[in-house]
Structure formats: C-alpha cells, structure tokens
Amino acid sequence: MKRNKLIQHLNKHSCYLRRHGAKHDIYINEAKGITTCVP
Numbered sequence: 019m020k021r022n023k024l025i026q027h028l029n030k031h032s033c034y035l036r037r038h039g040a041k042h043d044i045y046i047n048e049a050k051g052i053t054t055c056v057p
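All residue numbers for the sequence shown refer to our numbering, where the first residue is 19 and numbers rise by one.
Laid out in structure tokens, this is it:
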C-alpha cells in the first residue's frame, strides 16, 4: 500500500496526525486509544 492511500485510510477511520517526525509521522485514534507510526 502506498503512503498516500494509507493516510487516506487512516483519515477515513477517524485518525489524525499527532506529530510529524523526521522519518515517521504519528497518527492517533482517540476513540479507540490507538497510536500508530507511518514511515
């Protein structure tokens, strides 16, 4: 899966960008309490 498609999927499922890092972005879903890294 390409990065843009993954970000669209995360946004569709109520995830938002918590912080932008040098190599990874951190996305969070507060409803479920899940945090994930996107390279």
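Think of the CB as a built atom: it goes at the ideal place given N, C-alpha and C, for glycine as much as any other residue. Because the structure is a prediction, the values reported are computed rather than measured.
Helix, strand or coil at residue i according to DSSP, with G and I counted as helix
i     : result
His42 : coil
Start-to-end residues for the beta strand (DSSP E) that takes in residue i
i     : result
Cys33 : It is not in any beta strand (DSSP E) - Cys33 carries neither H nor E in the DSSP assignment.
Beta-carbon proximity of residue i to residue j, cut-off 8 Å
i     : j     : result
Ile7  : Tyr34 : This structure does not reach residue 7, given that the chain is present from 19 up to 57, and the question cannot be answered.
His42 : Cys55 : yes
Residue from the options whose Cα sits closest to the Cα of residue i
i     : options             : result
Gly51 : Lys20, Asn22, His31 : His31
Identified DSSP bridge partners for residue i
i     : result
Arg37 : Ile44
Ile52 : Asn47
Residue i: CB within 7 Å of a non-hydrogen atom of the ligand HEM
i     : result
Arg36 : As far as ligands go, the structure on display features none, and thus does not contain the ligand HEM.
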